[in-house]
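Accompanying notes for the structure given below.
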Amino acid sequence: MSDHKQPDLARREFLGRGAAAAAAGVVLAPGVMLYGVAQAKPADEPVSSKVRWGMLVDTSKCSNGCNACVDACNKEHGLGNETHSRDTQRTQYIRKVELRHKFTGATHSLPVMCQHCETPPCVDVCPTGASFKRADGIVLVDRHICIGCRYCMMACPYKARSFVHEALTDQRPHTPRGKGCVESCTMCVHRVDEGRQPACVEACAADGSHAIIFGDLNDPSSEIAQRVKTYASSEIRADLGLNTGVRYQGL
Amino acid sequence: MKRLLQLLSMAVLALTLSAPALAGEGGRTPLPSIPAAKGDQCVEDTAVMRRDHMKFLKHHRDATMHQGIRTEKYSLKACLECHAPVEGATAANGKTEEGHFCVNCHVYAGVTLDCFECHATKPETTAQFHPLVSPASAALKATERTDSTVLLNRLVGVSENKAGVAHE
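Going down the list, the sequences are from chains V and Y.
27 is the number of the first residue of the first sequence in the numbering used here; add one for each residue after it.
11 is the number of the first residue of the second sequence in the numbering used here; add one for each residue after it.
What follows is the structure in structure tokens.
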């Protein structure tokens, strides 16, 4: 798998984000911008490192007890069909985490999934190259190569990965899953390639919360890039310097 | 002499023709049951598909997984749209299942097939057709079995068009 191109980080840092500014929205009138609508790439074209898919979670809009994103994810990927595994073993692509500040008592509820790091520790440690990052920043497991050693599960600071312990049936056609492989949030890569939004984002919006937005962080005219630019957002475990694709606002 | 040769060649031809028929219906040679697919042509010729389908699939799987190339030709998902298993057939246990195109033939050929340990065994919608397949062929029944004589001819590589040898 060594021939699969990973984005050249050094070169990208050198070029900076300025190069992408040329693709910004068109100014129709002062203060009125025409933002480009995200287009699905043609099916026969490889993904490009010009795009960096990301998500922004507004924790002030995410309500305690709401599980819409988790349910949508489970449904989309056909999760939860393990019959012999314990609850702690069952696959989770996304989970809700409740936080409480010990001193102020402030509480937050937020979804946590694979953070799609720019420099993913899971990819670093994978002995077979099964854990990899697509050119557009989505971190995936190639189950054809995964040997199920679970080193990536140890390495992930977000506990985002799960291992399938038993033979499965009735998988969804777009999410093949099986015994002996590690898996995690795919950022609904099958939907993204079609120009659609991930299932959790769609469900959150349908629920009226609009707490998660999805888009291209490299495209300055996209909503997510605008929001990240305008409002303070943070990464979980920012101290690790992983430059995650999933960011949180209001934490 | 010429007449004798002609007779001889005819006799040989007759033997060749009758051999598969003997082995087929009620014969001792076991044959896989191959359900007919939707549509009237595959993405490549049958002979090419029979020999090289695994190469196409493997190449396409890497392109899809790593580069996000999601063309329908050579995709396993598109295979199953046409070669949809009949109702109730699964491939999970790796045994011959009535009506599963892939599994039946792999079991017959002694090939371990592990695609379906992870991949869905059936399409979610069977209404779709591969773009290469004309919608006019939609009337083809999915459960129709191929005649075993024709099947054996196919297995031993006898083409229907070749010198008028086999016929259905």
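Each residue gets a CB set at the ideal place from its N, CA and C atoms; glycine is no exception.
So, under 8 angstroms CB-CB, residue i and residue j are touching, yes? Tell me the CB distance rounded to an integer number of Å.
i	j	result
Pro133(Y)	Glu91(Y)	5 angstroms
Val96(Y)	Gly109(Y)	3 angstroms
Tyr184(V)	Val138(V)	6 angstroms
Leu277(V)	His127(V)	No, Leu277(V) and His127(V) are not in contact; Cβ-Cβ is about 10 angstroms, not under 8 angstroms.
Val254(V)	Phe240(V)	Not confirmed; about 12 angstroms, so no contact.
Ala57(Y)	His93(Y)	At roughly 17 angstroms, the Cβ-Cβ gap does not stay under 8 angstroms, so Ala57(Y) and His93(Y) are not in contact.
Leu136(V)	Tyr257(V)	Contact doesn't hold; Cβ gap of about 16 angstroms is too wide.
So, does the CB of residue i fall closer than 8 angstroms to a CB anywhere in chain Y?
i	result
Ser28(V)	The predicted model places Ser28(V) with a pLDDT of 48, which falls under 50 and marks its position as unreliable, so this point remains unresolved.
Asp271(V)	First, the residue type needs correcting, since residue 271(V) is Gly and not Asp in the sequence shown. Gly271(V) does not count as touching chain Y.
Pro72(V)	yes
Arg263(V)	no
Arg126(V)	no
Lys205(V)	yes
Asp242(V)	no
Phe158(V)	yes
Ala232(V)	no
Ala69(V)	yes
Ala186(V)	no
Ala225(V)	no
Arg169(V)	yes
Gln197(V)	yes
Asp150(V)	no
Asp245(V)	no
Pro146(V)	no
Pro18(V)	Only positions 27 to 277 of chain V appear in the structure, and residue 18(V) is not among them; the question remains open.
Is residue i near the ligand COA, judged by its Cβ being under 7 angstroms from some heavy atom?
i	result
Pro42(Y)	As for the ligand COA, it is missing from this structure, which has no ligand bound.
For a cutoff of 8 angstroms on Cβ pairs, would you count residue i as touching chain V?
i	result
Glu54(Y)	no
Ala94(Y)	no
Gly37(Y)	no
Thr122(Y)	no
Ala130(Y)	yes
Lys87(Y)	yes
Pro40(Y)	no
Met75(Y)	yes
Gly78(Y)	yes
Arg60(Y)	no
Pro133(Y)	yes
Quick check on this structure: which residue in the options has the alpha carbon closest to the alpha carbon of residue i?
i	options	result
Glu1(Y)	Ile44(Y), Pro45(Y), Ser43(Y), Leu67(Y)	Because chain Y in this structure spans residues 11 to 178, residue 1(Y) falls outside the shown range and cannot be described.
Ser157(V)	Ser135(V), Cys182(V), Asp97(V)	Cys182(V)
Trp79(V)	Ser247(V), Ser111(V), Asp113(V), Gly163(V)	Gly163(V)
His200(V)	Asp113(V), Glu108(V), His110(V), Ala225(V)	Ala225(V)
Ile238(V)	Cys148(V), Lys87(V), Ser75(V), Leu277(V)	Lys87(V)
Leu268(V)	Pro68(V), Pro146(V), Lys159(V)	Pro146(V)
Ile171(V)	Ser260(V), Arg112(V), Val208(V)	Val208(V)
Leu41(Y)	Ala119(Y), Asp124(Y), Lys65(Y)	Ala119(Y)
Arg160(V)	Thr212(V), His236(V), Tyr257(V)	Thr212(V)
Gly206(V)	Cys99(V), Val83(V), Lys76(V), Arg116(V)	Arg116(V)
Ala231(V)	Ala69(V), Arg253(V), Val83(V)	Val83(V)
Glu124(V)	Val151(V), Gly91(V), Gln118(V)	Gly91(V)
Arg217(V)	Arg121(V), Cys99(V), Ser247(V)	Cys99(V)
Asp168(V)	Ala94(Y), Ala73(Y), Met64(Y)	Ala73(Y)
Tyr119(V)	Leu266(V), Ser111(V), Cys95(V), Pro153(V)	Cys95(V)
Ala69(V)	Ser75(V), Gly221(V), Ile173(V)	Gly221(V)
Lys65(Y)	Leu86(Y), Val113(Y), Phe111(Y)	Leu86(Y)
Gly271(V)	Thr256(V), Met81(V), Gln223(V), Thr114(V)	Met81(V)
Thr85(V)	Ser235(V), Ser247(V), Ala264(V), Thr256(V)	Ser235(V)
His63(Y)	Gly49(Y), Arg38(Y), Cys89(Y), Glu127(Y)	Cys89(Y)
Rounded to whole angstroms, what's the CA-CA distance from residue i to residue j? Just pull it up for me.
i	j	result
Gln5(V)	Asp242(V)	Residue 5(V) is absent from the structure shown; chain V starts at 27 and stops at 277.
Gln191(V)	Gln51(Y)	The residue asked about is misnamed: residue 191(V) is His in this sequence, not Gln. Approximately 40 angstroms between the Cα atoms of the pair.
Ala130(Y)	Val117(Y)	18 angstroms
His76(Y)	His70(Y)	10 angstroms
Cys115(Y)	Glu261(V)	51 angstroms
Ser259(V)	Arg80(Y)	34 angstroms
Glu144(V)	Arg187(V)	17 angstroms
Ala251(V)	Ala193(V)	41 angstroms
Leu166(V)	Arg121(V)	18 angstroms
Tyr84(Y)	Phe189(V)	29 angstroms
Asp245(V)	Val77(V)	7 angstroms
Ser89(V)	Ser111(V)	29 angstroms
Leu123(Y)	Ile173(V)	17 angstroms
Gly204(V)	Thr109(V)	13 angstroms
Asp219(V)	Leu266(V)	29 angstroms
Cys175(V)	Cys112(Y)	30 angstroms
Val73(V)	Cys214(V)	14 angstroms
Pro153(V)	Pro202(V)	22 angstroms
Asp150(V)	Met180(V)	12 angstroms
Ser247(V)	Phe129(V)	39 angstroms
Is the CB of residue i under 8 angstroms away from at least one CB in chain A?
i	result
Asp97(V)	Absence of chain A from the displayed structure is noted, the protein chains being V and Y.
Exercise. Do the stretch 94-107 of chain V and the stretch 194-214 of chain V make contact, defined as three or more Cβ pairs closer than 8 angstroms?
Worked result: yes
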